[in-house]
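To keep things clear, I will list the structure first and then write my remarks on it.
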Amino acid sequence: MDVRPKSGLKISTRLVLLILLIGFLSFHAYHRYCFEKRKALAQRLKDAGATVRYTWFGVSSMPAFLRPHLHFIDLPVKPRVYDIDANNSQVSDETLRGLERMTYLDFLKLENCNVSDIALTRLKDLENLREINLKGTQITDQGLRHLENKPYLLLINLEQTAVTPVAVNRLRSKINQLKENLTSSTQRDKKLVITFSNEVSRPEQLLTLSVKSD
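Per the numbering used here, numbering through the sequence shown is continuous, rising by one, with the last residue being 1515.
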């Protein structure tokens, strides 16, 4: 009896299993690498005085006594950063290196931080952002372009920045969700209010654009 087909089948099966094993190990190694990068970023933020908040298994709150023991342990679903509060801290462009990996980030507060357009380049792929506080930062019109693909963005504070009305109007035209809420705010349960303030001498300088629920 000719057994060559069975031998060939056995070799093919082993080859497939080997490929699957290599793929699994590569996938695990990559996610472990990304996890370590996110962990390092979170530590840099804390060292600079920022507060970092997490979710576990999609839940944004857990018993306080458990939280210190759940940060970055090797769970099937690891803690995810959803809120970075760095207002009035020492956070800088360098501190935020790797921020693009925080894909579940909802809230980013950088008031009076030493950050510029470089920091905003790292937000380009963070599509879940809902609130950004950039008051007192060094951002410009160029940096604001990196926020144009944020469909869930509801609040952005640009007070005491160099951003101009031209850039703000462009941003509003690019964010469909924001535009829709503004045009039909009186028909919604959560009415959105947009406010502008101008406290500098040059009329072309826009200081604040904030959109928030009443």
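Ideal Cβ placement from N, Cα and C applies to all residues, glycine included.
Burial state of residue i, where buried means 16 or more other Cβ atoms lie within 10 Å
i: P1380; result: buried
i: R1339; result: buried
i: V1360; result: With a pLDDT of 43 at V1360, under the threshold of 50, the modelled position of this residue cannot be trusted; read the value that follows with caution. Looking at its Cβ environment, which holds fewer than 16 other Cβ atoms inside 10 Å, V1360 is exposed.
i: I1433; result: buried
i: A1468; result: buried
i: V1416; result: buried
i: T1533; result: Because residue 1533 is not part of the residues shown, which for the chain are 1302 to 1515, the question remains open.
i: D1312; result: It is Ile, not Asp, that sits at residue 1312 in the sequence shown. By the neighbour-count rule (16 or more Cβ atoms within 10 Å), I1312 is not buried but exposed.
i: Y1355; result: buried
i: V1464; result: buried
i: L1319; result: exposed
i: L1455; result: buried
i: I1476; result: buried
i: A1520; result: With the chain represented from 1302 up to 1515, any question about residue 1520 goes unanswered, as that position is not in the structure.
Local conformation of residue i per DSSP, three classes
i: K1425; result: coil
i: D1348; result: helix
i: V1317; result: helix
i: I1312; result: helix
Cutoff 7 Å; reference residue i; Cβ partners in own chain excluding five residues on either side
i: L1346; result: V1353, I1385, A1387, V1392 and T1396
i: L1406; result: V1382, Y1383, I1385, L1427, N1429 and L1430
i: D1418; result: I1440, T1441, Q1443 and G1444
i: E1412; result: N1388, N1389, N1434, K1436 and G1437
i: L1472; result: L1445, L1448 and E1449
i: R1423; result: L1397, L1400 and E1401
i: R1315; result: none
Bridge-paired residues (DSSP) for residue i
i: D1386; result: T1352 and K1410
i: R1381; result: T1356
i: S1327; result: Answer by DSSP bridge pairing: none, since S1327 is not bridged.
6 Å Cβ shell around residue i - same chain, five flanking residues per side excluded
i: M1403; result: V1382
i: A1420; result: D1394 and L1397
i: L1342; result: G1399
i: F1408; result: D1384 and E1432
Neighbourhood of residue i by C-beta, 8 Å cutoff - its chain only, sequence neighbours within 5 removed
i: F1325; result: none
Where in the region 1396 to 1476 do unbroken runs of the beta strand (DSSP E), each at least 3 residues long, occur, reported from the N-terminal end onward?
List check, beta strand (DSSP E) in window: 1408 to 1410, 1432 to 1434 and 1456 to 1458.
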